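Participant:
In the UniProt record's numbering, the protein residues as written are 1 to 136.
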């Protein structure tokens, strides 16, 4: 397996600007931020996707994301935040990570970065909803 940049940061083998360091997670500034303060939250254990995160860790992990989002407003003066995660597709480092980005109105970031579309019909939307309900 190729060396994981985020594991190297967690292990102290690669420098990073650490924002949070707990027993189960670490957060550090993104080296190529959308805006100043753009932070990446990672589990200390190498996991690739959200599906790999053990259920008992989901709550504590996302509590850190929640705290980081709040800090964007209280400490950085942001009007809000953008909290996002990719799973495999568009995941630049194959280690689970949550982006927490400070946001302000008219900051130049335009919603999602991909084209949006509508369902062909209400029936098609209902079918997709049913398929997902059944999978859950």
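A virtual CB, placed ideally from N, CA and C, is assigned to each residue, including glycine.
These figures come from a predicted structure and were not determined experimentally.
1) Round the Cβ separation of residue 135 and residue 103 to the nearest angstrom and send it over; I've been treating them as touching at under 8 Å.
2) Is the number of C-beta pairs between the stretch 88-97 and the stretch 36-53 that are closer than 8 Å three or more?
3) In the DSSP assignment, what are the bridge partners of residue 39?
4) Would you please state the rounded distance, in angstroms, between the beta carbons of residue 6 and residue 57? I believe it to be under 8 Å.
5) Going straight from the alpha carbon of residue 16 to that of residue 62, what length do you get?
6) So, is residue 74 buried or exposed, given that buried needs 16 or more other C-beta atoms within 10 angstroms?
7) Express the C-alpha separation of residue 106 and residue 31 in angstroms, rounding to a whole number.
8) Grouping DSSP H, G and I as helix and E and B as strand, with all else coil, what is residue 12?
9) Residue 76 by DSSP, collapsed to three states: which one?
10) Does the beta-carbon distance from residue 96 to residue 34 come in below 8 Å?
11) Between the C-alpha atoms of residue 21 and residue 119, what's the straight-line distance to the nearest angstrom?
Facilitator: In short:
1) Not a contact, Cβ separation roughly 32 Å.
2) Proximity of the stretch 88-97 to the stretch 36-53 meets the contact definition, three or more beta-carbon pairs being nearer than 8 Å.
3) 29, 100
4) Approximately 16 Å separates the beta-carbon atoms of residue 6 and residue 57; this is outside 8 Å, ruling out the contact.
5) 21 Å
6) With fewer than 16 other Cβ atoms within 10 Å, it is exposed.
7) 23 Å
8) coil
9) coil
10) no
11) 43 Å
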